[in-house]
Amino acid sequence: GCGICVKKCPFDAISIVNLPDALEGEAIHRYGINGFKLFGLPTPKRGAITAIIGKNGTGKTTILKILSGELVPNFGDPEVMPTQDMVLQRFRGKEIHSYFKELYNKELRVVHKVQYVEVVGRLLKGKVSDLLRRIDERGKLDEIRTLLRMESMWEKESSTLSGGELQKLLVGAALLREADVYVFDEPSSYLDINERLNLSRVLRQLLGDKYVLMVDHDLIVLDYVADLVNVMYGEPSIYGRVSKSYSVRAGINHMLKGFLPSENVKMRDYEIRFYMKDLAEMEGVTGTSIKISWSGVQKSFLGFSLSAPRGEVREGEVVGIVGPNGIGKTTFVKILVGELKADAGIVEPEKSRLAYKPQVISPFTERTVREVMEDASKDSLSSSSWFYVEVVRRFGLHKLLDSSVSSLSGGELQKLMIAKTLAKEADVYVFDEPSAYIDVEERYVMARAIKRVTRERRSATLIVEHDLAIHDYVADRIIVFSGKPGVSGNVEEPVPLRHGLNKFLREFGITFRRDAETGRPRANKPMSYLDRLQKERNEYYAME
Ligand code: ADP
Ligand code: ADP
Ligand code: MG
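Take the numbering used here: the last position of the sequence shown gets the number 529, and nothing is skipped along the way.
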């Protein structure tokens, strides 16, 4: 094996089903008698990067396993032992038939970067450079090291890697393999913004003539990398269905709008809109009074030092925090919320009411979801409240109220921690990487709720986040960290979003414009007309 692919699935079987009858004939796979059921499969195309986007628990990973040949689909009947011949029979006359024929005849070689890098990480032994050298079939070792910026992890033992480093190792390993089909399940997890932009560039550059399949939740990465998009919809963990292939722009826009025109399907009852006029015009827009400020803050660990000369966040304002991994973002916000004591400097006021969602979350308790929510706020579960409708229900927490917190999945726990933090009445809210483990739809539910709470309560919010589209969606101003990861971090003063991102993106040479239909930020294709024009004008983030 290449050390990339793990076969054992971490899921247990699930129960209850209420399936739309109309779909019955199209079932592709079912896990167990009452298990999750998948409808439809995207058809991979050579020379195209195909992305699958949508809610968690609707079968994205299952699709990747089927198209990798790791899982032979049973067409909805878990009683039969499916065979490859059966699959070829079923797909005869369809476009996807030739793909499976080549796959099963071993004419297509597949590499699969799996979703759970931590699981694979535990199985790896040896130095990064040695591991990668051994599998360098394409003779691209040096190129990959440079492109993915792996210099500082090159001589590290694989068992000591951070999440982001492990992700880069596994993506790098997949790219070094000579294959026909490259499959990437959530490659942006744990990566910082810089690394995500790099990853996007590298995937496009190195896989031009291959079959490429990808699942991810970061809209900027997806938009930059993919040619085609298939949107997943359905009832998480009960059934999932995949849409037709759309162009990347149309697919992402349909997903945001929650409506698929080719299949005439309304996926959900709300739209995700980037122009949040409704929020901007809401009572309580950014005021002038300062909710939290800092000056002369210094903190040193052995080998690392942080400096935050000055800055403030005003009432009703959301400030995004951007910077590479290891530059001190978590250290800084811990100082703001009083979890860490600075060596020098002041944070004012000393006693504000704080609500904090830390980066590392753990199922800390045997209590139930209901108890945790009621503890945060007595009214958080009253079903007529705004909070219940837009946070509790949209996060799906209403179905988990009697579950023990210790039984939740990573995504469920993240949603609980975000909801619990928002439920509290506070002057200052701090969220450290809230979109980790949660899907694309939930990220925007989260961001919208954060903005609304901040505006309505006239509080101040800081949010550390690696998803650039989320910053665009939620942040009024941003703080960009400068310095050297693992050595020193400098906290710049908050600046208006556009200004901050413009400066930040200039370093990468990637330009952005706004999509006319949805208002979301889109990366320009390198050397396109807009790319050249914006670079000439020094407008890397052109967002009128
Ligand atoms: P996604 O990638 O969209 O989050 P998955 O394909 O991982 O979705 O899973 C879809 C559903 O199938 C989930 O509800 C999951 O619980 C279930 N599932 C996944 N793998 C298995 C398995 N090996 N056995 C039983 N159920 C599974
Ligand atoms: P970020 O959130 O930007 O990824 P962190 O604030 O977590 O960065 O870490 C910044 C640097 O400080 C890293 O090099 C990290 O190893 C180091 N560091 C963080 N906490 C401690 C600690 N308690 N003791 C020693 N070093 C630490
Ligand atoms: Mg951090």
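Beta carbons are placed, not taken as given, at the ideal position from N, Cα and C, and that holds for glycine.
- With fewer than 16 other CB atoms across the displayed protein chains lying within 10 angstroms of its CB, Trp371 is exposed.
- Rounded to whole angstroms, the gap between the alpha carbons of Asn179 and His82 is 39 angstroms.
- Remark: three or more beta-carbon pairs, one from each stretch, lie closer than 8 angstroms, so the stretch 303 to 313 and the stretch 454 to 467 are flagged as touching.
- Taking every residue with its beta carbon within less than 5 angstroms of a heavy atom belonging to ligand 2 gives, in chain order, Phe286, Phe289, Asn310, Gly311, Ile312, Gly313, Lys314, Thr315, Thr316, Gly471.
- Per DSSP, reduced to three states, the secondary structure at His202 is coil, with no helix or strand assignment.
- Below 8 angstroms, too few C-beta pairs join the stretch 383 to 395 and the stretch 309 to 329 to call them touching: fewer than three.
- Here Arg499 is near Met528, since their CB atoms are less than 9 angstroms apart.
- Taking each of Ala164, Leu204, Ala159, Tyr260 in turn and checking the Cα distance to Val187, the smallest one comes out for Ala159.
- Rounded to the nearest whole angstrom, the C-alpha separation of Lys336 and Thr273 is 20 angstroms.
- Note on Met512: under 16 other CB atoms within 10 angstroms of its CB, so exposed under the neighbour-count rule.
- Only buried fits Met358, as 16 or more other CB atoms lie within 10 angstroms of its CB.
- If you look at Gly106, you'll find it in the alpha helix (DSSP H) that goes 102 to 106.
- If you check the C-beta of Met217 against ligand 1, you find a heavy atom less than 8 angstroms away.
- For Gly395, the enclosing alpha helix (DSSP H) covers residues 395 to 408.
- Here the alpha carbons of Gly474 and Val233 stand approximately 37 angstroms from one another.
- For Arg428, the uninterrupted alpha helix (DSSP H) segment begins and ends at 425 to 441.
- When secondary structure is reduced to three states using DSSP, Asn215 falls in the strand class.
- Taken through DSSP and simplified to helix, strand or coil, Trp371 comes out as helix.
- Gly301 sits close to Ser444, with the two beta carbons spaced by under 9 angstroms.
- Note on geometry: alpha-carbon atoms of Tyr422 and Leu453 lie some 16 angstroms from one another.
- One thing to note: Phe497 has its Cβ within 9 angstroms of the Cβ of Arg507.
- DSSP places Lys45 outside any beta strand (DSSP E); the residue lies instead in the alpha helix (DSSP H), whose first and last residues are 45 to 53.
- A buried status is given to Met252, since no fewer than 16 other beta-carbon atoms sit within 10 Å of its beta-carbon.
- Inclusion of Asp417 in the 8 angstroms shell around ligand 3 follows from its C-beta lying nearer than that to a non-hydrogen atom of the ligand.
- Assignment of beta-bridge partners to Pro481 by DSSP yields Arg462.
- It is roughly 33 angstroms from the alpha-carbon of Thr350 to the alpha-carbon of Lys98.
- Cβ-Cβ distances below 6 angstroms link Tyr209 to Ser185, Ala508 in the same chain, with the five nearest sequence neighbours on each side left out; the list follows chain order.
- Taken through DSSP and simplified to helix, strand or coil, Gln344 comes out as coil.
- In this structure, ligand 3 has no non-hydrogen atom nearer than 8 angstroms to the beta-carbon of Gln152.
- Between the C-alpha atoms of Pro58 and Tyr167 there is a straight-line separation of about 20 angstroms.
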